[in-house]
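Using the numbering used here, the first residue of the first sequence is number 15, and each one after it goes up by one. Even for Gly, the Cβ is constructed at its ideal location relative to N, Cα and C. First up is the structure itself, then whatever we jot down about it.
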Amino acid sequence: MNIFRYFDEKITATCQEIIPGLTDAQIAASGKTLEVPRDPAHGDLSTNAAMVLARPAGGKPREIAELLAPTIREYEGVESVEIAGPGFINLRLTPGFWRRTLGEILREGARYGASAIGAGTKVNIEYVSANPTGPMHVGHTRGAVFGDALASLMRKAGFEVTREYYINDAGAQIKILAESVFLRYREALGEKIGEIPEGLYPGDYLIPVGEAIVKKDGGKWLSASEDIRAQYMANAAVMAMMALIKDDLARLNIRHDGFFSERILHSSSQNAHRIEQEEGYFSGVGFDIDAYYAAHTDPDKTAIQEAVDTLEARGLIYTGVLEPPKGKPPEDWEPRPQMLFRATQFGDDVDRPLKKSTGEWTYFAADIAYHYSKFQRGFSQMIDVFGADHGGYVKRTTAAVAALTDGKASLDIKICQLVRLLRDGEQVKMSKRSGNFVTLREVVDEVGPDAVRFMMLFRKNDAPLDFDFAKVTEQSKDNPVFYVQYAHARICSVLRNVQEVFPEMDWAATGRGEGALDPLQDPDELSLIRMMASWPRMVESAAAAHEPHRIAFFVHELASAFHGLWNRGNDNPQLRFILSGSKDVTLARIALIRAVQMVIASALEILGVEPVEEMR
RNA sequence: GUGCCCGUAGCUCAGCUGGAUAGAGCACAAGCCUUCUAAGCUUGGGGUCGCAGGUUCGAAUCCUGCCGGGCACGCCA
Numbered sequence: 015m016n017i018f019r020y021f022d023e024k025i026t027a028t029c030q031e032i033i034p035g036l037t038d039a040q041i042a043a044s045g046k047t048l049e050v051p052r053d054p055a056h057g058d059l060s061t062n063a064a065m066v067l068a069r070p071a072g073g074k075p076r077e078i079a080e081l082l083a084p085t086i087r088e089y090e091g092v093e094s095v096e097i098a099g100p101g102f103i104n105l106r107l108t109p110g111f112w113r114r115t116l117g118e119i120l121r122e123g124a125r126y127g128a129s130a131i132g133a134g135t136k137v138n139i140e141y142v143s144a145n146p147t148g149p150m151h152v153g154h155t156r157g158a159v160f161g162d163a164l165a166s167l168m169r170k171a172g173f174e175v176t177r178e179y180y181i182n183d184a185g186a187q188i189k190i191l192a193e194s195v196f197l198r199y200r201e202a203l204g205e206k207i208g209e210i211p212e213g214l215y216p217g218d219y220l221i222p223v224g225e226a227i228v229k230k231d232g233g234k235w236l237s238a239s240e241d242i243r244a245q246y247m248a249n250a251a252v253m254a255m256m257a258l259i260k261d262d263l264a265r266l267n268i269r270h271d272g273f274f275s276e277r278i279l280h281s282s283s284q285n286a287h288r289i290e291q292e293e294g295y296f297s298g299v300g301f302d303i304d305a306y307y308a309a310h311t312d313p314d315k316t317a318i319q320e321a322v323d324t325l326e327a328r329g330l331i332y333t334g335v336l337e338p339p340k341g342k343p344p345e346d347w348e349p350r351p352q353m354l355f356r357a358t359q360f361g362d363d364v365d366r367p368l369k370k371s372t373g374e375w376t377y378f379a380a381d382i383a384y385h386y387s388k389f390q391r392g393f394s395q396m397i398d399v400f401g402a403d404h405g406g407y408v409k410r411t412t413a414a415v416a417a418l419t420d421g422k423a424s425l426d427i428k429i430c431q432l433v434r435l436l437r438d439g440e441q442v443k444m445s446k447r448s449g450n451f452v453t454l455r456e457v458v459d460e461v462g463p464d465a466v467r468f469m470m471l472f473r474k475n476d477a478p479l480d481f482d483f484a485k486v487t488e489q490s491k492d493n494p495v496f497y498v499q500y501a502h503a504r505i506c507s508v509l510r511n512v513q514e515v516f517p518e519m520d521w522a523a524t525g526r527g528e529g530a531l532d533p534l535q536d537p538d539e540l541s542l543i544r545m546m547a548s549w550p551r552m553v554e555s556a557a558a559a560h561e562p563h564r565i566a567f568f569v570h571e572l573a574s575a576f577h578g579l580w581n582r583g584n585d586n587p588q589l590r591f592i593l594s595g596s597k598d599v600t601l602a603r604i605a606l607i608r609a610v611q612m613v614i615a616s617a618l619e620i621l622g623v624e625p626v627e628e629m630r
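Shown next, in the form of C-alpha cells:
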C-alpha cells in the first residue's frame with residue numbers, strides 16, 4: 015500500500031466536499047502535495063492543500079485549513095491534525111496505523127514498492143553503446159550501470175522496459191578496425207608485421223580474431239578482392255568485439271534485451287537478408303533482423319531514406335549553407351550547399367547536415383533513423399544514456415525525435431559525468447594513446463561487481479564521481495556498499511539466531527496475527543516503519559525523474575536507521591531484537607526487521623547489487 | 001565566441017521537481033565502550049545555498065544578468 019496515495023486521495027475528496035465552488039480541474043492543477051515534513055515536530059505527513067487552494071477558493075490559507083481540518087481529523091489512522099505556519103495541515107498518525115502498515119508490507123512481500131504509474135508504457139532505454147572496436151574501459155562503466163539500474167527501476171514502477179544497445183558498426187572506425195584485423199590475420203599466417211601503424215587499433219585483443227579467421231579459412235583472404243575482404247574482416251571483427259563486450263557487461267550482471275545495428279539503417283531489406291544468410295552477421299552481433307523488419311514499414315527503402323522522407327514531407331529538410339563554427343579557427347572550412355534538417359525549429363542552435371560531401375549519410379542521419387525506428391516499434395518514451403563528452407549532441411537528437419514523432423514520443427537524454435579513478439588517494443592517469451587505460455574487467459575483477467555498481471549509483475548522474483579502490487573495499491561505516499550490505503547481513507544473522515532461541519515458532523508468518531505487532535512501541539521502531547512506508551513513493555518519484563541514485567541514498571538511509579536501532583541494543587538489552595524471555599516482543603521485532611531486510615533487498619535488486627547473508 | 005552541466009559546512013555530497021529553523025558522512029572537539037548485538041557509540045560547534053536582481057503567501061530549487069569550474073562545439077563516430 016502507498017500511504018501517500020491513500021491519504022492524498024482522501025484529502026482530495028475532502029477538498030471537493032468541503033470547499034464550495036472548487037472544480038476538480040482546479041484541484042488537479044493546484045500543485046497540492048502530501049509530504050513527510052523535514053522536521054518531525056510537524057507530524058508524519060503534511061499537505062499544502064489549503065495554501066495552494068486558497069486563491070481558486072477565494073479565501074485565506076489558514077481559513078481554508080480550518081475548514082478542512084475537522085474532516086481530516088476523522089480519518090482512520092489519524093491521531094491529530096494541526097494547522098501550522100502559513101497554512102500547512104500537519105497530520106500525525108497513530109502508532110496502530112504504522113503497525114498495520116508494517117503488516118501490509120509483510121503481506122505484500124517482495125512485491126512491496128512496485129507501482130503501476132508506468133501503466134505499461136513502452137520505454138526504450140539505450141545505454142552503453144560503446145563502439146565495437148575493443149573491450150569496455152572504465153569510462154563506459156558508469157553509463158552501463160546507470161542505464162541498467164534505471165531500467166530495473168522503471169520496471170518496478172510499472173513501465174514496460176526494453177534495454178537496448180546501439181552498435182556503431184558503420185563508418186570510418188569500422189574500416190580501420192577491418193584493416194587492423196587484416197593485419198593480425200597476416201600475422202597469424204606467419205608474416206612479420208612489426209609495429210602497428212599509426213591510426214590502426216594496436217590492442218592485443220585483435221590477435222585472437224586474426225587467428226580465428228586463419229583457423230576457419232586459411233590463407234584464402236590474401237587473394238580476395240579488397241572490397242570483399244574488408245567487409246569480411248569488418249564483420250568478423252565486430253562479431254568478435256560484440257562477444258567481448260557482452261562478456262565484459264556480463265561481469266557486471268548487465269544484459270541487454272536487444273541490440274540494434276547501425277549498419278542495417280543503411281541497408282535495404284533484400285541486402286540485409288542476404289548479409290544475414292551468407293555471413294550470419296546480424297545474429298552474430300545479437301541483432302534481431304526479423305523483429306526489425308516486422309516493424310519497418312517499407313522494406314525496399316533504407317531506413318535512413320524513410321526517416322528523411324518523413325521529415326521532408328513535413329518541410330523540415332532543405333538545402334543550405336552553414337556558417338563556419340565560431341571560436342576555433344576555420345582551417346579547412348569551406349562553405350558549401352548541403353542537405354540540412356531544420357533542427358532550430360525544435361530548439362537546436364543550428365540546422366544539422368545529413369549528408370557528407372561524399373554523398374554518404376552523416377552519423378546524425380543514421381541516428382535520426384534509429385530513433386525513428388524506436389518510435390515505429392511502439393516506444394513512446396525513449397531514454398538515451400550518454401557520456402559527458404556527448405553533451406553537445408542532446409539538442410539535435412531531442413529535436414529529431416520531436417520532429418519525427420510530432421511530439422507523440424519523448425526522449426530524455428541522461429548524461430553521465432566522468433569517473434575519476436583513485437588509488438591511494440592518487441588519480442590513476444589514463445591515456446588512450448599509450449594504450450594505458452583501465453578496463454572494466456580489471457576494475458570488476460579487483461573490487462567485485464557489487465561495489466562497482468553501488469558506488470557508480472551513489473551519486474547523481476550529472477555530477478562527477480570519484481572511485482577510490484581502497485575505499486570501496488574497506489570494511490567500515492565509511493564505505494556505503496559495506497554499510498548497506500552489513501545491515502542486511504545483520505538481519506540475516508538475527509533470523510538465524512532466533513531459530514535457536516525459539517525453535518518451535520513459525521517465523522514465516524511473523525507478525526501477521528491480530529495485535530501481534532503491538533509490542534512495537536519504541537519511537538525508533540516506528541520511524542523505521544515510517545521510512546519503509548515511503549518506499550513505494552520513492553520508487554515512483556525516482557522512476558519519474560529517471561534518477562536511480564535516489565534508490566541508493568534511500569537504502570543507505572534505511573540501513574543507517576537500522577544500525578542505529580541495533581546500536582541502542584548495545585546499551586539497552588531490552589531493545590534487542592531477540593528477547594529470550596519474551597516470545598511476543600521477539601515475534602514483533604522479527605517482523606519488523608524482516609520487513610527491513612525485504613526492503614533493503616528490493617532496493618538492492620533495483621541497483622543490481624547482491625544482498626549478502628553474511629559478511630566475510 | 002556559442003551551447004550544456006556544475007557551484008550547498010573545512011572536504012565529499014544529498015536536498016523528495018516551489019514548502020516551515022537547509023541535511024548526512026568525513027574531518028574537528030568533548031565524553032563513552034574494550035564488547036561477540038565484531039568491523040564502535042553519543043553529544044557539540046560549524047552556512048551570505050557563487051553574486052545581484054526578478055516571479056509569489058513562500059526560492060537552494062523557477063526566470064534574467066554576471067563570476068568561477070568542467071565538457072562539448074566543422075562532413076568524426
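| query | When the Cα atoms are used, what is the spatial distance from A402 to T376? | reply | 21 Å
| field | Collapsed DSSP secondary structure at T524 in the structure displayed | value | coil
| request: Within the same chain, show all residues whose beta-carbon is closer than 7 Å to that of V223, passing over the 5 residues directly before and after it, in chain order. | output: Around V223: V195, R198, A250, A251 and A254.
| message | What would DSSP say about F567, mapped onto helix, strand or coil? | response | helix
| request: Leaving aside the five residues before and after F400 along the sequence, list all residues of the same chain whose C-beta is less than 8 Å from its C-beta, in chain order. | output: G157, Y407, V408, I427, K428, I429 and C430
| said: List, from N- to C-terminal side, the alpha helix (DSSP H) runs of 4 residues or more that fit wholly inside the stretch 405-479. | reply: Note on the stretch 405-479: whole alpha helix (DSSP H) runs with a minimum of 4 residues are 408-419, 454-461 and 463-471, in chain order.
| field | Secondary structure of S275, DSSP reduced to three states | value | strand
| Touching or not, the stretch 265-282 and the stretch 168-178, by the rule of three or more beta carbon pairs under 8 Å? | Touching, yes.
| said: Is it buried or exposed, E561, if we count other Cβ atoms within 10 angstroms and call 16 or more buried? | reply: buried
| Length of the line joining the Cα atoms of D551 and H287 | The sequence shown places Arg at residue 551, rather than the Asp named in the question. Their backbone Cα atoms lie some 47 Å apart in a straight line.
| field | 8 Å Cβ cutoff met for P51 and G45 | value | Against a cut-off of 8 Å, the Cβ pair of G45 and P51 comes out as no contact.
| said: Determine whether the beta carbon atoms of I543 and I607 lie at a separation below 8 Å. | reply: no
| field | Given G172 as reference, the closest of I181, L593 and G132 once Cα atoms are compared | value | G132
| Through-space distance from L107 to I78, alpha-carbon basis | 22 Å
| When you compare only the Cα positions, how much space is there between E539 and L36? | Roughly 41 Å separates the two Cα atoms.
| field | G91 versus L82, G462, G127 and L59, residue with shortest Cα-Cα distance | value | Distances from the CA of G91 to each of L82, G462, G127 and L59 were compared; the closest alpha carbon is that of L59.
| field | Limits of the beta strand (DSSP E) - the one that Q395 falls within | value | Q395 to G401
| message | Out of P587, R277 and L436, which one is the CA nearest neighbour of V299? | response | R277
| How should W112 be labelled, buried or exposed, when 16 other C-beta atoms within 10 angstroms of its C-beta is the threshold for buried? | buried
| query | Among R169, D302 and L618, which has the Cα closest to the Cα of L572? | reply | L618
| field | Backbone CA spacing between A501 and I139 [nearest angstrom] | value | 32 Å
| request: Tell me whether the beta-carbon of D398 lies closer than 8 Å to the beta-carbon of T419. | output: No; because the gap between Cβ atoms is not below 8 Å, this pair is not in contact.
| said: Can you find the residues in the same chain that come closer than 6 Å, C-beta to C-beta, to D464, ignoring five residues on each side of it along the sequence? | reply: V623 and E624
| At least 3 beta-carbon pairs within less than 8 Å: the stretch 58-72 vs the stretch 116-129 | no
| query | Of all the options E31, Q359, A380 and P537, which has the alpha carbon lying nearest to the alpha carbon of K369? | reply | A380
| message | In whole angstroms, give me the CA-to-CA distance for L330 and G361. | response | For L330 and G361, the distance between alpha carbons rounds to 13 Å.
| Since E554 is in the alpha helix (DSSP H), which residue starts that stretch and which ends it? | W549 to A559
| query | Bridge partners of D482, per DSSP? | reply | Residue pairing of D482 in beta bridges, as defined by DSSP: L436.
| field | N- and C-terminal bounds of the alpha helix (DSSP H) containing N285 | value | Residue range S283 to E293 is occupied by the alpha helix (DSSP H) that includes N285.
| request: Pick out the complete alpha helix (DSSP H) segments inside the stretch 36-78, 4 residues or longer, and give them in chain order. | output: Restricting attention to alpha helix (DSSP H) runs no shorter than 4 residues, the stretch 36-78 encloses them at 38-43 and 63-71, ordered along the chain.
| query | Which partner residues does W375 have in the DSSP bridge list? | reply | K369
| query | Where does K189 fall in DSSP's three states? | reply | K189 carries a helical assignment under DSSP once its states are collapsed to helix, strand and coil.
| said: Taking 7 Å as the limit between beta carbons, can you name the residues of its chain near T135, skipping five residues before and five after? | reply: Residues of the same chain with a CB within less than 7 Å of the CB of T135, apart from the 5 flanking positions on each side, are F173, E174, S394 and Q395 in chain order.
| message | Within 8 Å, do at least three Cβ pairs link the stretch 142-158 to the stretch 123-130? | response | no
| task | Measure the beta-carbon distance from L105 to C29 and round it to whole angstroms, keeping in mind my assumption that it falls under 8 Å. | result | The pair is not a contact, with the Cβ atoms about 14 Å apart (cut-off 8 Å).
| query | Going by other Cβ atoms of all chains shown within 10 Å of its Cβ, with 16 needed for buried, is I242 buried or exposed? | reply | exposed
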